[in-house]
Amino acid sequence: MIKSMTGFGRGSFSGESLEFDIEIKSLNSKFFELKIRGFSLSGIEEIKLRKFLKEKIIRGSVNLAIKVNGEEDQDDFVFNKKKVDAIQNILNDIHIHYGQRLGLGDIISSNDLIKSKISNINLSKFLFSVLEKAIKELDEMRIKEGKLIYKDIFKRIKKSKNMLGNISKISEKYSSEKQEILSNKVQNLINGSKIDENRLIQELAYYVEKSDITEEIVRCKSHFNQLESYLKLDNAVGKRIIFIIQEILREVNTIGSKSHQIELIKQAVEIKDQLEKIREQSHNIL
47 MIKSMTGFGR GSFSGESLEF DIEIKSLNSK FFELKIRGFS LSGIEEIKLR
97 KFLKEKIIRG SVNLAIKVNG EEDQDDFVFN KKKVDAIQNI LNDIHIHYGQ
147 RLGLGDIISS NDLIKSKISN INLSKFLFSV LEKAIKELDE MRIKEGKLIY
197 KDIFKRIKKS KNMLGNISKI SEKYSSEKQE ILSNKVQNLI NGSKIDENRL
247 IQELAYYVEK SDITEEIVRC KSHFNQLESY LKLDNAVGKR IIFIIQEILR
297 EVNTIGSKSH QIELIKQAVE IKDQLEKIRE QSHNIL
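Number 205 in the working numbering belongs to position 159 of the sequence shown; there are no gaps in the numbering.
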């Protein structure tokens, strides 16, 4: 079953003189993107965390917030003097060269000017197990929304296939009528006239073939069946669904351009409208 890329999950830990909360939120995106807020992890721990989340979430724009709770003494913090001095020098240069006076408040988002002495080792010891809980909650929400998207897309596929069936019937009827009309006209033209009959038949066959949409209808049916099979898979299929929708749209556009019957063109436009709605939904499928 397909999954949405939108979800939210929460996890928490309390024990061993440590208390922290995790919130994770994901939105749709072409790739995996991660933003981490709150507690500052070491470089190695952050790399491990990113790899862990990418394997679990696969794709989407992910926001992870890590909040360490509890009252802390003044001794629990350390002043990052080296970084503050470097920033102060930069601020002085800005004032000298550009006449603008900035303060540390303007760059307070640099969240390691004052660093917590809470050990990364203590946090990371429990971080991934808590993350598992948050991701499970996130995944449950993504599955739930995926089911709603699945139902909506299948409803639109069914409607589109019915309209494609109507196009096929209209096309067959129109093709038979057209061939009969053309055949009668040919007979009237060649009676008593010196016309290359074989050449004329070839030209008419070319005309009929040019307006024939049988191949496009067959390909559309095949694409719709493939689309339905993708929707039943458990792995990430969002990009494949978007691709197959583009292929169906191309075939429907050809059907519309080859058609001369108003009712047939209306059906093609309706199918395109349903496909555009499916494509819009597909951008949120994992």
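In this text, a Cβ means the ideal position worked out from N, Cα and C, and glycines have one as well.
Since we're looking at a predicted model, the values are computed, not measured.
Straight-line Cα distance separating residue j from residue i
| i | j | result |
| --- | --- | --- |
| residue 200 | residue 47 | 12 Å |
| residue 110 | residue 134 | 30 Å |
| residue 325 | residue 214 | 24 Å |
| residue 314 | residue 259 | 12 Å |
| residue 309 | residue 186 | 44 Å |
| residue 127 | residue 137 | 15 Å |
| residue 293 | residue 279 | 20 Å |
| residue 276 | residue 329 | 14 Å |
| residue 88 | residue 73 | 26 Å |
| residue 191 | residue 53 | 8 Å |
| residue 269 | residue 301 | 15 Å |
| residue 51 | residue 103 | 9 Å |
| residue 207 | residue 75 | 29 Å |
| residue 296 | residue 143 | 58 Å |
| residue 64 | residue 271 | 54 Å |
| residue 139 | residue 101 | 44 Å |
| residue 311 | residue 323 | 19 Å |
| residue 99 | residue 220 | 57 Å |
| residue 305 | residue 95 | 56 Å |
| residue 316 | residue 212 | 12 Å |
CB of residue i within 8 Å of CB of residue j, strictly
| i | j | result |
| --- | --- | --- |
| residue 91 | residue 170 | yes |
| residue 332 | residue 97 | no |
| residue 115 | residue 66 | yes |
| residue 216 | residue 307 | yes |
| residue 267 | residue 210 | yes |
| residue 70 | residue 108 | yes |
| residue 112 | residue 145 | no |
| residue 290 | residue 273 | yes |
Outcome for residue i when other beta-carbon atoms lying within 10 angstroms are tallied against a minimum of 16
| i | result |
| --- | --- |
| residue 319 | exposed |
| residue 327 | buried |
| residue 177 | buried |
| residue 106 | buried |
| residue 62 | exposed |
| residue 298 | buried |
| residue 303 | exposed |
| residue 93 | exposed |
| residue 262 | buried |
C-beta neighbour in chain C for residue i, strict 8 Å
| i | result |
| --- | --- |
| residue 183 | Protein chains in the displayed structure number just one, and chain C is not present. |
- Does the pairing of the segment 173-184 with the segment 49-59 give three or more beta-carbon distances under 8 Å? In the pairwise beta carbon analysis, the segment 173-184 is classified as touching the segment 49-59: at least three pairs are separated by under 8 Å.
- Query: Below 8 Å, can you find three or more Cβ-Cβ pairs linking the segment 202-218 to the segment 75-92?
  - Reply: no
- Query: Does the segment 280-287 touch the segment 191-198, meaning 3 or more C-beta pairs lie closer than 8 Å?
  - Reply: no
- Which parts of the segment 53-119 are runs of the beta strand (DSSP E), unbroken and 3 residues or longer, counting only runs that do not cross its ends? 53-61, 64-73, 78-84 and 106-114
- Taking only runs that begin and end inside the segment 272-325, name each unbroken alpha helix (DSSP H) of 4 or more residues, in chain order. Runs of the alpha helix (DSSP H) inside the segment 272-325: 284-304.
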